[in-house]
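The next block holds one structure in the form of structure tokens; read it before the comments.
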Amino acid sequence: MPRLFGGKVRGTVGIGQVDCCGQGKHRSGGLILMWRSSVTVEILSFSNNHIDIKVTTEEVKESLWVSCVYGFPESDLKFRTLDIISQLKKDTNVAWLLLGDMNQVFCLEGKVGGNPVNMNEVNRARNCIDQVALKDMDFCGYRFTWSNKRKIPHTVEERVDRALGNQRWHDLWHLLVP
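Numbering of the sequence shown is given in our numbering, commencing with residue 29 and proceeding in unit increments.
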């Protein structure tokens, strides 16, 4: 059963944390969410693989929904990550951001090295994201977010960390980031 810990750090940052799974070298996952004290956060739901929150700020006069995800790394369980995303879907008229380590490649260009991309997994992931009406927030910097840290020619790199927003989130983005 996942546990949620909460608290404040030095009076300026709120924290919500879902504990990790496993023991010893098998310990993995876990989520931590931090926010400024000027932001009001209501935790709506959580599991070992997600924290779903409603955020209120003074800058934006409407509530924002943010879902943080840690995807299942095992190939045969990746569908569970997509199930969580589908269950978290918000109404299209509210601003929704989904972000985290999806442990999932969303396109052929999202991986170099190692075994070929599993196109069935990629297509399932794309279909899920289309069904919940999200699109990539893009980012600048190195395009891969995970590496096996091995030397060439044994290097594998993947883009598994993502931030995806619905159209309302994209519309409000300029108000949220100075």
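Heads up, the beta-carbon is just placed ideally off N, CA and C, and yes, glycines get one too.
Count the other C-beta atoms from every protein chain shown that fall within 10 angstroms of the C-beta of residue i, then say buried if there are 16 or more, exposed otherwise.
{"i": "G193", "result": "buried"}
{"i": "Y170", "result": "exposed"}
{"i": "T84", "result": "exposed"}
{"i": "E186", "result": "buried"}
{"i": "T120", "result": "exposed"}
{"i": "F134", "result": "buried"}
{"i": "G128", "result": "buried"}
{"i": "G138", "result": "buried"}
{"i": "L105", "result": "exposed"}
{"i": "C156", "result": "buried"}
{"i": "G99", "result": "buried"}
Please list the terminal residues of the continuous beta strand (DSSP E) segment that includes residue i.
{"i": "V97", "result": "92-98"}
{"i": "S208", "result": "Residue coverage of the chain in this structure runs from 29 to 206, which leaves residue 208 outside it and unanswerable."}
{"i": "I12", "result": "The displayed coordinates of the chain run from 29 to 206. Any statement about residue 12 would go beyond what the structure contains."}
{"i": "R64", "result": "59-64"}
{"i": "R190", "result": "189-193"}
{"i": "D129", "result": "123-129"}
At which residues does the alpha helix (DSSP H) containing residue i begin and terminate?
{"i": "M147", "result": "147-159"}
{"i": "R108", "result": "106-116"}
Anyone know if the C-beta pair for residue i and residue j falls short of 8 Å?
{"i": "V94", "j": "H78", "result": "no"}
{"i": "R160", "j": "W174", "result": "According to the sequence provided, residue 160 is Val. The question's Arg does not apply to it. No; because the gap between Cβ atoms is not below 8 Å, this pair is not in contact."}
{"i": "I81", "j": "V69", "result": "yes"}
Would you mind giving the Cβ-Cβ distance between residue i and residue j, rounded to the nearest angstrom? I have them listed as a contact below 8 Å.
{"i": "T109", "j": "N76", "result": "That belief does not hold up - the Cβ atoms of T109 and N76 are roughly 12 Å apart, past 8 Å."}
{"i": "V88", "j": "L200", "result": "6 Å"}
{"i": "S91", "j": "V122", "result": "7 Å"}
{"i": "D164", "j": "R190", "result": "7 Å"}
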